[in-house]
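A.B. asks: In the working numbering, the protein residues as written are 34 to 714. The beta carbon of each residue, even a glycine, is placed where N, CA and C say it ideally should be.
1. On the three-pair Cβ rule with 8 Å, is the stretch 291 to 311 touching the stretch 348 to 366?
2. Applying the criterion that 16 or more other CB atoms from any shown protein chain within 10 Å of the CB defines a buried residue, is residue 209 buried or exposed?
3. List the residues that DSSP assigns as beta-bridge partners of residue 692.
4. Does the Cβ of residue 199 have 16 or more other Cβ atoms within 10 Å, making it buried, or fewer, making it exposed?
5. Mapping the DSSP letters down to three states, classify residue 656 as helix, strand or coil.
6. Output the boundary residues of the beta strand (DSSP E) element that contains residue 606.
7. So, helix, strand or coil for residue 645, using DSSP?
8. Return the chain-ordered list of same chain residues with a C-beta closer than 8 Å to the C-beta of residue 430, the five sequence neighbours on each side being excluded.
9. By the three-class DSSP mapping on this structure, what secondary structure does residue 661 have?
10. If I'm right that residue 319 touches residue 355 with Cβ under 8 Å, what's the distance once you round it to whole angstroms?
11. Which residues in the same chain as residue 389 place their Cβ atom closer than 6 Å to its Cβ, once the five residues preceding and following it in sequence are excluded?
12. Roughly how many whole angstroms lie between the Cα atoms of residue 341 and residue 395?
13. Are residue 662 and residue 690 touching if we call contact CB-CB under 9 Å?
14. Closest to residue 636 by C-alpha separation, out of 624, 621, 594, 652, would be which residue?
15. Figure out for me which residue from 591, 580, 171, 687 has the closest Cα to the Cα of residue 620.
16. I need the straight-line Cα distance from residue 134 to residue 165, nearest angstrom please.
17. Judging by CA-CA distance, which residue of 154, 303, 280, 282 is the nearest neighbour of residue 291?
18. Would you decide whether residue 255 is buried or exposed? Buried here means 16 or more other CB atoms lie within 10 Å of its CB.
19. I think residue 330 touches residue 369, with their Cβ atoms under 8 Å apart; what is that distance to the nearest whole Å?
20. Along the alpha helix (DSSP H) that carries residue 244, what are the first and last residues, could you check?
21. Quick check on DSSP: helix, strand or coil for residue 284?
22. What is the DSSP secondary structure of residue 305, counted as helix, strand or coil?
23. Indicate the three-state DSSP secondary structure (helix, strand or coil) for residue 416 in the structure shown.
24. Can you tell me which of the three DSSP states residue 701 falls into?
25. My assumption, with CB atoms under 8 Å, is that residue 118 sits in contact with residue 69. Please give the rounded CB distance.
26. Check whether the Cβ atoms of residue 297 and residue 343 sit closer than 9 Å, and answer yes or no.
27. Look up residue 650 in the DSSP assignment and give the residues it is bridged to.
28. To the nearest angstrom, report how far apart residue 224 and residue 664 are at their CA atoms.
29. For residue 623, which residues in the same chain have their Cβ closer than 7 Å to its Cβ, ignoring the five residues on either side in sequence?
30. Just the Cα atoms here: how many angstroms apart are residue 211 and residue 217?
31. Here's a check: name, in chain order, each residue in its chain whose Cβ is nearer than 6 Å to the Cβ of residue 333, leaving out the five neighbours to either side.
32. So what's residue 206 in DSSP terms, helix, strand or just coil?
33. What did DSSP end up calling residue 428 once you bin it into helix, strand or coil?
34. Is the beta carbon of residue 598 sitting closer than 9 Å to the one on residue 604?
35. How would you label residue 245, buried or exposed, when you count the other beta carbons within 10 angstroms and need 16 or more for buried?
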């Protein structure tokens, strides 16, 4: 049974979280530190000095907790805002990454926030926003962290200093946290903005971290094709610039996705590549090594490859020392040892390690590692013949997994809907821009006529000018036609992609959820899942006419007309020859959309009581007639204002090489005639 693994938070890799390292000589009082600070000329050097003291362990913990914080408070009383901000940021970093006291860091930074506006040092202000947001994130206050990041982004956007590292990192962190609060579309936007900033800064490594975050976001929400596409860039560029840390982390994320999809071959391939690439020097090599080895021990043990798992376990245990108290790395370490002990039939040890891992992640948002711990314990207790405990842990695992799958399905569906709406808006904007260009061209034409027309005609060059002007208009029309057709083709491609994602991904997961709800006799959940599945199918039908695949173009149009006939109080008469094989797949879609759009406009606006649809197959062409007895309309006025309505209908027929003619008048009904050549005639 597949077990999901938790995505790797990117920020962990930006800092060496070394806890419990050797301590060198400490300072006995802060007088020496203050004296040294006063003698350091630049602000950046002061920051580096303080960070160095903290990271090297040259400050007694009690001194930091008491005297250092009191000194920061005294600076606030003296209104020495710049120094107070420096100390606040340094303390925040210390408690987040060295002391691992996130609550303390959050409190210190929160206390300082009201004084932030007294400062003018742009870099330290930006750094404060990032550090404060990090502390809130570690406290799992994700919404508050996003609010802090948004304030920081507004500040940095206002100052427009794109050289700031914090500028791109704020967007990167916002992308991570938006995903945690189920705002997948916003998360994508933040990641893309981070990539743009890092690209502008020519910081390829940070660009790849943002790209890797985007890939993990897609994978976490079941969009595996997009995740693979995004991650491929990380593999290629990361290897090219020899930044193997980000490549290795992308490999581990790929292992997670392969595991979710039960793709053993891909999972083993990715862990082998990660093991090969982890050995390269990097600023976070220790962390990358621990994570990669933990994954290797787990994956090989889970798949029964005991000797290889044991080999990497030995290497893991020689390297874990400096990181043994790190809670993040500790979870993966304990899970790896448990999986290895299980494959070696050391059940008591396996139970102890798995329980320790579970205790470490309980109460957190690490659903994937909680599930993995519960699943491990279920297997361990089963091997111990303790079936009662095994069943209890397996129930917890399945309940959480069903919940995660349900949330993933909803988020994927919401993302697809949002993407479709964005596509519609983009098409409307593009169409408006094109209309403006055409209008500008027409205005230029009129200006040319007023200014030069008389002179050219009098001079005997009128014919040449008129010829060129006509060619200009024809060229403009050709460009407009091509542009509109490209828009329609792109729209259909996007619709087909989204519809298939909904059907193959969300639809299948909802079907499984409905079956499980029915088996468990959970009536409310069953009704909710079935209603959601119906909604997904309805959206999918609107995006991609699946009837074209199952019934062919003839059957699809017949079904479409029957659907309108049942839904509306209008008499529809359909007389149709079989037109299978007359057109290509793309042409079939265009013809179906043409009829669908005509029917939709008709029931909305015509007030007709009777409609005739005739589709006749001749030797070289297909003729189509749609005629109603409704109120009609002024064709010229309607066509000018319709935008993507009648114009799009005409465009679809022209894309098939055909012609369309609309005859209508007020209170005289409407007749639509189309003549389309058969491609193989």
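C.D. replies: In this structure, then:
1. Contact between the stretch 291 to 311 and the stretch 348 to 366 is absent, because fewer than three Cβ pairs lie under 8 Å.
2. Residue environment analysis places residue 209 among the buried positions, since at least 16 neighbouring C-beta atoms fall within 10 angstroms of its C-beta.
3. Beta-bridge pairing links residue 692 to 708.
4. Flag for residue 199 reads buried.
5. The DSSP-derived three-state label of residue 656 is strand.
6. For residue 606, the enclosing beta strand (DSSP E) covers residues 604 to 609.
7. Strand.
8. Result list for residue 430: 404, 407, 408, 411, in chain order.
9. DSSP places residue 661 in strand when its eight states are reduced to three.
10. So it is a contact: roughly 7 Å between Cβ atoms.
11. Counting only Cβ-Cβ distances below 6 Å, and skipping sequence neighbours, we find 367.
12. Answer to the nearest angstrom: the Cα atoms are 30 Å apart.
13. No, the Cβ-Cβ distance between residue 662 and residue 690 is not below 9 Å.
14. Comparing alpha-carbon positions, the option among 624, 621, 594, 652 lying closest to residue 636 turns out to be 594.
15. Comparing Cα positions, the closest option is 687.
16. The C-alpha of residue 134 lies about 13 Å from the C-alpha of residue 165.
17. The shortest Cα separation from residue 291 among 154, 303, 280, 282 belongs to 303.
18. Here residue 255 is buried, its C-beta having at least 16 other C-beta atoms within 10 Å.
19. 4 Å between Cβ atoms; contact.
20. Per DSSP, residue 244 belongs to the alpha helix (DSSP H) from 237 to 253.
21. In the structure shown, residue 284 adopts helical secondary structure according to DSSP, grouped into three states.
22. Residue 305 falls in the helix class under three-state DSSP.
23. Residue 416 falls in the helix class under three-state DSSP.
24. Three-state result, residue 701: coil.
25. Not quite, the Cβ-Cβ distance comes to about 19 Å (not below 8 Å), so this is no contact.
26. Note that the C-beta distance between residue 297 and residue 343 is not below 9 Å.
27. Answer by DSSP bridge pairing, in chain order: 655.
28. Distance between the alpha carbons of residue 224 and residue 664 is about 52 Å.
29. Same-chain partners within the cutoff: 685, 688, 689.
30. Cα-Cα distance, rounded: 7 Å.
31. Here the set comprises 341, 342.
32. If DSSP states are grouped into helix, strand and coil, residue 206 belongs with the helices.
33. Three-state result, residue 428: helix.
34. Yes; because the gap between Cβ atoms is below 9 Å, this pair is in contact.
35. Burial is judged here by how many other beta carbons sit within 10 angstroms of a residue's own beta carbon; residue 245 has at least 16 and is buried.
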